[in-house]
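Residue numbers (this note's numbering): 1014 to 1263. Cβ coordinates follow ideal geometry from the N, Cα and C atoms, glycine included. All figures in this text were calculated on a predicted structure; none of them were measured in a lab.
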């Protein structure tokens, strides 16, 4: 490792250190004040990026707690993207292990929902599979497997995170929240991110299809959960939402 590379490693270590008095070894003492300003700006910028990516999570715990949690998160990062637009991958898993957030048990699932929304927003503009494209293969549909659209995600939670998310939106009507699990399909038709609630059987069906299982296999898994599962309406809902981007090649 060259002297320059060694200094860069040391600089990064000091930049992310929990103790604000830590400075890079070899730094001119006259530069300590400037380094402290730069360090504060970096930490503030990363915190701002996380708040932008997880606004509801930040609202639920308050900005002060969120920024303290963010400090612990980014000090433990091994790498981060060059662009902050998609910053915060792994934040939900981090929250799972963050003891101070244990009093809000649905917080990590809320982070997963917000992460899915963020990735859907920035996903590639894949060509969407439409019902018209399937008209010629209706008789063979049971054996067909689909490719997940880049902007489609499924988040399953034991908590009512969709209802909680809605209550935190500006101008939303405050309603009592029923304590139940929720399954949310996130898609981006017409360049607008949307959330669709699915029942358990519908989520099983959608999840298997998004994992490229044949329709027949996905249906079998769904009816094992609910013998009254309405495959026709659920499949139509998935197609209308733009969940797929073509058929899997076999």
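With DSSP run on the structure shown, which of helix, strand or coil describes residue i?
i, result
"residue 1241", "coil"
"residue 1170", "strand"
"residue 1179", "helix"
"residue 1188", "coil"
"residue 1275", "As shown, the chain starts at 1014 and ends at 1263. That puts residue 1275 outside it, with no answer to give."
"residue 1151", "helix"
"residue 1160", "strand"
"residue 1230", "helix"
"residue 1254", "coil"
"residue 1138", "coil"
"residue 1021", "helix"
"residue 1224", "coil"
"residue 1015", "coil"
"residue 1047", "helix"
"residue 1036", "coil"
Beta strand (DSSP E) containing residue i: first to last residue?
i, result
"residue 1207", "1207 to 1211"
"residue 1258", "1257 to 1260"
"residue 1198", "1195 to 1200"
Have a look at the options and flag the residue whose alpha-carbon is nearest the alpha-carbon of residue i.
i, options, result
"residue 1158", "1259, 1042, 1015 and 1025", "1259"
"residue 1166", "1117, 1224 and 1235", "1224"
"residue 1071", "1178, 1171, 1048 and 1162", "1178"
"residue 1146", "1209, 1202, 1205 and 1257", "1257"
"residue 1129", "1141, 1099, 1151 and 1115", "1099"
"residue 1156", "1230, 1215 and 1116", "1230"
"residue 1136", "1216, 1162, 1152 and 1076", "1162"
"residue 1064", "1104, 1089 and 1189", "1104"
"residue 1238", "1217, 1143, 1250 and 1252", "1217"
"residue 1066", "1113, 1132 and 1050", "1132"
"residue 1192", "1109, 1118, 1113 and 1097", "1118"
"residue 1250", "1115, 1170, 1038 and 1142", "1142"
Can you say whether residue i is buried or exposed, counting buried as having 16 or more other CB atoms within 10 angstroms of its CB?
i, result
"residue 1196", "buried"
"residue 1168", "buried"
"residue 1173", "buried"
"residue 1122", "buried"
"residue 1247", "buried"
"residue 1101", "buried"
"residue 1254", "buried"
"residue 1060", "buried"
"residue 1077", "exposed"
"residue 1050", "exposed"
"residue 1208", "buried"
Counting only C-beta atoms, is residue i closer than 9 Å to chain C at any point?
i, result
"residue 1051", "Note that chain C does not occur in the displayed structure, where there is just one protein chain."
Give, in chain order, every unbroken run of the alpha helix (DSSP H) that is at least 4 residues long and sits entirely within the segment 1056 to 1124.
1068 to 1074, 1076 to 1088 and 1104 to 1109
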